[in-house]
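Chains as they are written, first to last, in this note's numbering: chain A, 144 to 532; chain B, -8 to 246.
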Amino acid sequence: MNDTFKITRKELKEMMRDKRVRFGAFIMPIFLVLMMVQLFGFIIGAAKGAVKSTVYIVGAQADLSKTFSSAGMSIKTVPTTEDGIKLIKDDKAKLVLAFKSAMTDGQVQIEAYYDPKQQMAQLALSGVQQALSLENKKALAETLREKLIPETAAEHIKLIPKPVEVGSKGAGELIVGFLPYLIVLFAFSGGMSMAADMVAGEKDKNTLETLLITPVGRNQIVLGKVLALAVVCFLSSFSCVVGLLLASVLKLPGSEEMFKNGFGVTPIAAGTIILLQLPMVAMFASILIAISSYARNPREAQTYLALVNFVVILPAVFSQVIGLTDLGSKLWINAVPVLNSANNIRNALLGKTDWLAVAITFGVSAVLALIGIWIAVFLFNREEVLIRI
Amino acid sequence: MVRTNGLKKHFKDPKTGIKKAVDGIDIEAKPGRIFGLLGVNGAGKTTVLRMLSTVIKPTAGSAEVNGLDVVADAQRVRASIGFMSNSTALYGRLTSREVIQYFGTLYGMDDARLAERMNYVLDKLEIHEFADRLCDKLSTGQKQRVSIARTILHDPPVLFFDEPTAGLDVVTSQTVMEFIEEARDLGKTVIFSTHIMSEVDRLCDDIAVIHDGIVVASGSPDTMRQVTEEKSLERAFLQLVKFQASYVSTRKASE
């Protein structure tokens, strides 16, 4: 067996026996994805529930009460407006509708009392507004018909939304929002816990000297370590997709909202994700090993790694909101490390893989990985790897 | 055989400029004999051993190990040495067997040879009973035995010991010293670095006293006693080191 692979195999064996790696790199991403699916599902469910929540009514008209009931809202009556306001202040009601007596022109005015600081109250109000808007349209259409005026007269210009299916069927928008971020994040942090131990830790425990005294060349030793760490980074990163698959298969509470389009990660999207992950984890692993080779001891290495972590987190965070801008479709964005991978993973999940962008991203990450490996090899070959005054 | 000629190692020190860790050392260690490198902490013993084991390159001078140049034939030099220090340097999350096997594969041993040598070292050092226990769970004595097994697994003709008994209890120290004597009896070239004079008296056939990176005296332990006119090797060593210290301070003052 090639010496590099001997080193890799031993490093992997050691890492897999480390609780920190098993928990931080594999269990944590799966757990985090399961939690996020549940959390987002719960929030969406709660928001929908708020639209159809209980509405308190003062002096109701029977017809309008029916309108709200048929919109899925439950109706309760309160004797006076003051009672209704008290319920809001006591946080027992989100929305109180006080019906006023009909105007001479027949218009019914309803005062809607709510706490504007409460998002759930705002959602309940918008639910009522939608129900009333439909009722108003019906009433207007009837009036126009009675006066033999075409219904279209009330809507001089009508907007008809026509969604266009771009690319294949993709994942739900929430999955697209957080999955690329987690994939990139764990590609780095999955290997971070072990990186400090792999060279700086070996210096500290004096095992590095023993290793350097074997006939195996230093290049092979460091490449073996980079390869082992890249495997852990990759598996950690891919654990996020596994977590999502688990959430989909187990049909956990909240997963219905998240998986409206099914699992959403198509084979092409999964393949694209893996393709983008490969140079990215090589880049991260080489940076991590280079830092570990430079540091005197694991504590110093951890300090540097914590700082570098921010450099990875920032573009990863930006990838979550890139959909709010048109930057995601620009070609130059594929030259920005980390962000390019996250953006292309996002597009793959949306079913809109742009192969030119994927190729550029792959190339940029691969070049950076090679530079990272060169730096790691250079630092590991210096005498200072063992003795740094 | 291990031979050095004007061996030097200078480090760049950001605070003091150049640090002359080893400043021209000539030694010769022969097969079937134990060569002791004596010196106080920081004298340069470990740096000499690191150059001989090719971990660091000499600034000047040359060194041969088993007839091979430490710079030109570094990889072959490494294949022909075994190195053991006071730190057991074992991987805590691997078992004793896995550690020994791992190093066997790194030394390029084929499966049959590895199996044969594994059996030999496990028997010889009585490791069988804890061979499948993680190194983190071993006692200091057990760790030291595994460390010895790792050092001799590939049956190297040259062995380096860098203060191998430092911090060990009497029983474990005894095991290490017996092992060093056995290596000598097997005709191996042994270089043994220490500052414990009782061990030198027991083990070493030839010695070199190093201080401030240079050899201040060399010969057999008896020669040291005769030169310094001291009965104990410890007092002889102290006299040599003190003489060198005063010599160095006089030289620095004149500079």
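Cβ atoms here follow ideal geometry from the backbone N, Cα and C, with glycine treated the same way.
Which residue wins for smallest C-alpha separation from residue i, given the options the options?
{"i": "A:Ile228", "options": "A:Lys209, A:Val201, A:Ala512", "result": "A:Val201"}
{"i": "A:Leu457", "options": "A:Ala190, A:Tyr324, A:Leu448", "result": "A:Tyr324"}
{"i": "A:Thr357", "options": "B:Lys233, B:Ala65, B:Lys179", "result": "B:Ala65"}
{"i": "B:Leu150", "options": "B:Ala157, B:Thr156, B:Thr142", "result": "B:Thr142"}
{"i": "A:Arg152", "options": "A:Leu467, A:Trp517, A:Val365, A:Arg525", "result": "A:Val365"}
{"i": "B:Glu117", "options": "B:Arg88, B:Pro49, B:Leu229, B:His202", "result": "B:Arg88"}
{"i": "B:Ile187", "options": "B:Ala122, B:Gly178, B:Ile198", "result": "B:Ile198"}
{"i": "A:Met171", "options": "A:Gly494, A:Ser435, A:Ala428, A:Leu328", "result": "A:Leu328"}
{"i": "A:Leu387", "options": "A:Ile326, A:Arg442, A:Asn490", "result": "A:Ile326"}
{"i": "B:Ser71", "options": "B:Leu194, B:Lys233, B:Ile201, B:Lys179", "result": "B:Lys179"}
{"i": "B:Ala34", "options": "B:Thr7, B:Lys(-1), B:Val62, B:Ile171", "result": "B:Lys(-1)"}
{"i": "A:Val451", "options": "A:Lys281, A:Gly334, A:Ala255", "result": "A:Gly334"}
{"i": "B:Lys128", "options": "B:Tyr93, B:His119, B:Leu85, B:Ala227", "result": "B:Leu85"}
{"i": "B:His1", "options": "B:Asp203, B:Ser76, B:Phe94", "result": "B:Asp203"}
{"i": "A:Phe377", "options": "A:Phe402, A:Pro396, A:Leu418", "result": "A:Leu418"}
{"i": "B:Gly52", "options": "B:Ile18, B:Gly210, B:Gly27", "result": "B:Ile18"}
{"i": "B:Pro49", "options": "B:Ala227, B:Phe183, B:His119, B:Gly(-3)", "result": "B:Gly(-3)"}
{"i": "A:Thr197", "options": "A:Ala433, A:Gly188, A:Val180, A:Thr220", "result": "A:Thr220"}
{"i": "A:Gly397", "options": "A:Val164, A:Phe174, A:Glu157, A:Gly188", "result": "A:Gly188"}
{"i": "B:Phe170", "options": "B:Leu194, B:Ile201, B:Ala157, B:Ser211", "result": "B:Leu194"}
{"i": "A:Val520", "options": "A:Leu291, A:Ser472, A:Val369, A:Asn486", "result": "A:Val369"}
{"i": "B:Lys10", "options": "B:Thr214, B:Val206, B:Thr38, B:Ala63", "result": "B:Thr38"}
{"i": "A:Gln181", "options": "A:Ala444, A:Ser391, A:Asp234", "result": "A:Ser391"}
Would you please verify whether the beta carbon of residue i is less than 7 Å from any beta carbon of chain A?
{"i": "B:Gln135", "result": "no"}
{"i": "B:Thr285", "result": "Here chain B covers residues -8 to 246 and nothing more, so residue 285 of chain B does not appear."}
{"i": "B:Val167", "result": "no"}
{"i": "B:Gln66", "result": "yes"}
{"i": "B:Arg84", "result": "yes"}
{"i": "B:Tyr93", "result": "yes"}
{"i": "B:Arg263", "result": "Since the first residue shown for chain B is -8 and the last is 246, residue 263 of chain B is missing from the structure and cannot be characterised."}
{"i": "B:Phe74", "result": "yes"}
{"i": "B:Val56", "result": "no"}
{"i": "B:Ser78", "result": "yes"}
{"i": "B:Val46", "result": "yes"}
Taking 7 Å as the threshold (beta carbon to beta carbon), is residue i in contact with chain B?
{"i": "A:Thr151", "result": "no"}
{"i": "A:Pro358", "result": "yes"}
{"i": "A:Arg165", "result": "no"}
{"i": "A:Ile532", "result": "Confidence at A:Ile532 is low in this model, with a pLDDT of 44, below 50, so its placement is unreliable and the value that follows should be read with caution. Yes, because at least one Cβ of chain B sits closer than 7 Å to the Cβ of A:Ile532."}
{"i": "A:Arg525", "result": "no"}
{"i": "A:Arg160", "result": "yes"}
{"i": "A:Glu154", "result": "no"}
{"i": "A:Glu157", "result": "yes"}
Would you call residue i buried or exposed, if buried means 16 or more other Cβ atoms sit within 10 Å of its Cβ?
{"i": "B:Asn110", "result": "exposed"}
{"i": "A:Asp497", "result": "buried"}
{"i": "A:Gln420", "result": "buried"}
{"i": "A:Leu515", "result": "Per the sequence shown, residue 515 of chain A should be read as Gly rather than Leu. Classification of A:Gly515: buried, given that the 10 Å Cβ count is 16 or more."}
{"i": "B:Asp123", "result": "exposed"}
{"i": "A:Phe505", "result": "buried"}
{"i": "B:Ile91", "result": "buried"}
{"i": "A:Ile186", "result": "exposed"}
{"i": "A:Asp469", "result": "exposed"}
{"i": "A:Phe211", "result": "buried"}
{"i": "B:His145", "result": "buried"}
{"i": "A:Gln204", "result": "exposed"}
{"i": "A:Asn440", "result": "exposed"}
{"i": "B:Val61", "result": "buried"}
{"i": "B:Val46", "result": "buried"}
{"i": "B:Gln133", "result": "buried"}
{"i": "A:Pro293", "result": "exposed"}
{"i": "A:Ala502", "result": "exposed"}
Could you check how far apart the C-beta atoms of residue i and residue j are, in whole angstroms? I think they sit under 8 Å.
{"i": "A:Tyr447", "j": "A:Leu522", "result": "Not quite, the Cβ-Cβ distance comes to about 12 Å (not below 8 Å), so this is no contact."}
{"i": "A:Cys383", "j": "A:Leu467", "result": "Actually they do not touch by this definition, with Cβ atoms about 22 Å apart."}
{"i": "B:Lys56", "j": "B:Val(-7)", "result": "According to the sequence shown, residue 56 of chain B is Val rather than Lys. Contact flag correct, Cβ pair sits at about 5 Å."}
{"i": "A:Glu352", "j": "B:Ala80", "result": "7 Å"}
{"i": "A:Met159", "j": "A:Met337", "result": "No, A:Met159 and A:Met337 are not in contact; Cβ-Cβ is about 10 Å, not under 8 Å."}
Is there at least one non-hydrogen atom of the ligand SAM closer than 6 Å to the beta-carbon of residue i?
{"i": "A:Phe169", "result": "Among the components modelled here there is no ligand, and therefore nothing to report on the ligand SAM."}
Item to check | Selection of the region 323 to 354 of chain A by Cβ proximity to chain B, strictly under 7 Å | outcome: Lys348, Asn349, Thr350, Glu352, Thr353
Next on the checklist: Tell me which residues of the region 442 to 465 of chain A have at least one Cβ-Cβ distance to chain B shorter than 9 Å, keeping chain order.
Outcome noted: none
Checklist entry - Which residues, in order along the region 24 to 39 of chain B, keep a beta-carbon less than 9 Å from a beta-carbon of chain A? => result Thr38
Checklist entry - Taking any Cβ of chain A, which residues in the region 146 to 161 of chain B have a Cβ under 8 Å from it, in chain order? => result Here the close residues number zero.
Item to check | Residues of the region 98 to 112 of chain B whose Cβ lies closer than 9 Å to any Cβ of chain A, in chain order | outcome: Tyr98, Gly99
Checklist entry - Just by C-beta distance, which residues in the region 227 to 253 of chain A are closer than 9 Å to chain B? => result Residues passing the 9 Å Cβ filter: none.
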